[in-house]
Amino acid sequence: MEKQIDTILVVDFGSQYTQLIARRIRELNVFSVIFPWDINVEKIKSLKPKGVILSGGPESVTDSNTPRIPEIIFKLDVPVLGICYGMQTLAEQFGGQVSSSKNKEFGHAQVLLEKPSLLFDGFSSGSSIDVWMSHGDHVSTLPDKFNLIASTKSAPIAAMEHAQKALYALQFHPEVTHTKQGNTVLENFTFKICKCEAQWRMENLIEQRINEIKEKVGDQKVLLGLSGGVDSSVTAMLLDKAIGKNLICVFVDNGLLRKNEAEDVENLFQDKMDLNLLVVDAKKVFYRHLKGVSDPEQKRKIIGRTFIDVFDAEATKLKGIHFLA
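Numbering-wise (the numbering used here), the sequence shown opens with residue 6 and increments by one.
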């Protein structure tokens, strides 16, 4: 039986840095996956994560109707690291107090390491590190059984850990480059606390996705709207590797592209990569609908609606399509 690759689950509370957290973990050759805070319980169980990172977010824990950590996370009995909002909701859910700051903190700060912690392994106790702060609330009272491990002048509780459980939290953002030694903190959490093995490579994910597509699609046909942009192009290449000629790509030329872009797309995907590509010349249709319109927002809506209409019209001409990508 194939051994499951160690995984870090990143619980997303809406932070602008969530993707960056996942990337930093993957750069350590450990697989990470992002799911929203209201992820299904069974899905969490099926992931069998070795550790959980709670992202920051734009909400305030002081509002009762804002997101909280699912209770299943604590029942997994795996290490947890809360970052910014993740720290605040962790503190609140364990009985600590979170208060709104008089002055929101955004920018560089110096964090004083108050006492030894495995999270800060390699740093000297009493030393300070340069970090990046971005918060409007702060933990004002530690939860029961949590210890203070770092502080700043404006955030007296800048990091904390549970006395008996592998629960850690940071007010600052270790994932951003502004926190100069942030990678070391994430390495400590991933390898020394979660005991992950550096066994994952990007190629593993590509192969996994291709196999998932093969299993789901089988020998059925898939229709893809190909724009030539990064998202649809990557999707096209993955689907092509998985199902080959059962992929049908539709490229709509709306007459609003960059010079020679339509020809470049056709040359790349049809001639060089030999994809099953259908090019639709819809320039006149788009021009007709846009005639006399000057408002940018109205133009955007017209372009989007017209694209859907043109794509749907072409899709109805094709037979045997089972999936839309």
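Glycine is no exception: its CB is placed at the ideal position from the N, C-alpha and C atoms.
To the nearest angstrom, how far is the alpha carbon of residue i from that of residue j?
| i | j | result |
| --- | --- | --- |
| ALA171 | ILE58 | 12 Å |
| MET6 | ALA203 | Unreliable placement is indicated for MET6, whose pLDDT of 40 sits below 50; no coordinate value is reported for it. |
| ASP219 | SER237 | Going by the sequence as given, residue 219 is Lys instead of Asp. Looking at the two C-alpha atoms, the distance is approximately 18 Å. |
| PRO41 | PHE291 | 37 Å |
| ASN272 | SER122 | 57 Å |
| SER104 | MET207 | 41 Å |
| TYR22 | ILE30 | 13 Å |
| ASP149 | ASP300 | 57 Å |
| LEU261 | ASN251 | 29 Å |
| ALA320 | SER145 | 58 Å |
| ILE326 | PHE18 | 37 Å |
| LYS158 | GLN176 | 13 Å |
| PHE328 | GLY233 | 20 Å |
| ALA160 | ASP245 | 52 Å |
| VAL85 | GLY56 | 6 Å |
| ASP269 | ASP276 | 10 Å |
| ARG28 | ILE39 | 10 Å |
| ASP286 | ARG305 | 19 Å |
| ARG214 | LEU118 | 42 Å |
| ASN265 | LYS288 | 14 Å |
| ILE211 | THR12 | 16 Å |
| PHE111 | SER20 | 14 Å |
| LYS50 | ASP82 | 11 Å |
Whose CA, out of the options, lies closest to the CA of residue i?
| i | options | result |
| --- | --- | --- |
| MET278 | GLY249, GLU302, ALA287, ASN259 | GLY249 |
| LYS80 | VAL46, MET165, SER65, CYS254 | VAL46 |
| SER129 | ALA155, VAL136, HIS113 | ALA155 |
| CYS89 | GLY325, SER51, SER139, LYS246 | SER139 |
| VAL255 | GLN213, LEU323, SER159 | LEU323 |
| HIS143 | GLN115, HIS178, GLN102 | GLN102 |
| GLN98 | SER232, VAL66, VAL116 | VAL66 |
| ALA318 | LYS306, VAL257, ASP276 | VAL257 |
| GLU166 | ARG293, GLY87, SER20 | GLY87 |
| GLY187 | VAL136, LEU231, GLN213, ALA168 | VAL136 |
| ASP43 | LEU295, ALA27, ILE74, ASN193 | ILE74 |
| SER37 | GLY141, ILE77, LEU282, THR195 | THR195 |
| PHE316 | LEU231, ALA247, ASN265 | LEU231 |
| HIS113 | VAL181, TYR173, SER132 | VAL181 |
| ALA96 | ILE134, GLY62, GLU32, ALA164 | ALA164 |
| LEU52 | GLY91, GLU32, ILE77 | ILE77 |
| ILE10 | THR189, GLY141, LYS200 | LYS200 |
| LEU229 | ILE211, LEU283, GLY309 | LEU283 |
| VAL190 | PHE151, MET242, VAL116, HIS294 | VAL116 |
| ASN209 | ASN34, LEU25, MET92, GLN24 | ASN34 |
| GLY61 | THR94, LYS221, ASN70 | THR94 |
| MET242 | ILE134, LEU280, ALA174, GLY131 | LEU280 |
| GLU64 | VAL83, MET92, LYS50 | MET92 |
| ASP126 | GLU192, ALA330, LEU147 | GLU192 |
How far does the beta strand (DSSP E) with residue i in it extend, from its first residue to its last?
| i | result |
| --- | --- |
| VAL57 | 56-59 |
| LEU86 | 85-88 |
May I ask you to list the residues that DSSP assigns as paired with residue i?
| i | result |
| --- | --- |
| ASP328 | The amino acid at residue 328 is misidentified as Asp; the sequence shows Phe. DSSP output for PHE328 lists VAL227 as bridge partner(s). |
| PHE111 | SER139 |
| ARG189 | Here residue 189 is Thr; the residue named in the question, Arg, does not match the sequence. BP columns for THR189 are empty, so no partner. |
| ASP116 | Note on residue identity: the sequence assigns Val, not Asp, to residue 116. For VAL116, which the question treats as bridged, DSSP gives the partners ILE134. |
| VAL103 | VAL144 |
| VAL15 | ILE39, ILE58 |
For the alpha helix (DSSP H) containing residue i, name the first residue and the last one.
| i | result |
| --- | --- |
| GLU202 | Taken as a continuous stretch (DSSP letters only), GLU202 belongs to no alpha helix (DSSP H), as it is neither H nor E. |
| ILE307 | 301-322 |
| VAL298 | VAL298 -> no alpha helix (DSSP H), and no H or E assigned at all. |
| LEU52 | 46-52 |
| ILE78 | 76-80 |
I'd like to know whether the C-beta of residue i is nearer than 9 Å to at least one C-beta of chain B.
| i | result |
| --- | --- |
| THR67 | The structure shown contains no chain B; it is built from a single protein chain. |
Go through the region 213-245 residue by residue and report every complete run of the beta strand (DSSP E) that reaches 3 residues or more, in order. Within the region 213-245, the complete beta strand (DSSP E) runs of at least 3 residues are 226-230.
At what residue ranges does the region 17-41 contain a whole run of the alpha helix (DSSP H), taking only runs of 4 or more? Restricted to the region 17-41, the alpha helix (DSSP H) segments that are unbroken, complete and at least 4 residues in length are 23-32, listed in chain order.
Any chance you could list the beta strand (DSSP E) runs of at least 3 consecutive residues sitting entirely within the region 124-179, in chain order? Counting only unbroken stretches of 3 or more residues, the beta strand (DSSP E) elements lying wholly within the region 124-179 are 133-146, 151-156, 164-167, 172-175, in sequence order.
Along the chain, which unbroken stretches of the alpha helix (DSSP H) at least 4 residues long are found entirely within the region 240-290? Qualifying alpha helix (DSSP H) stretches, in chain order: 266-270.
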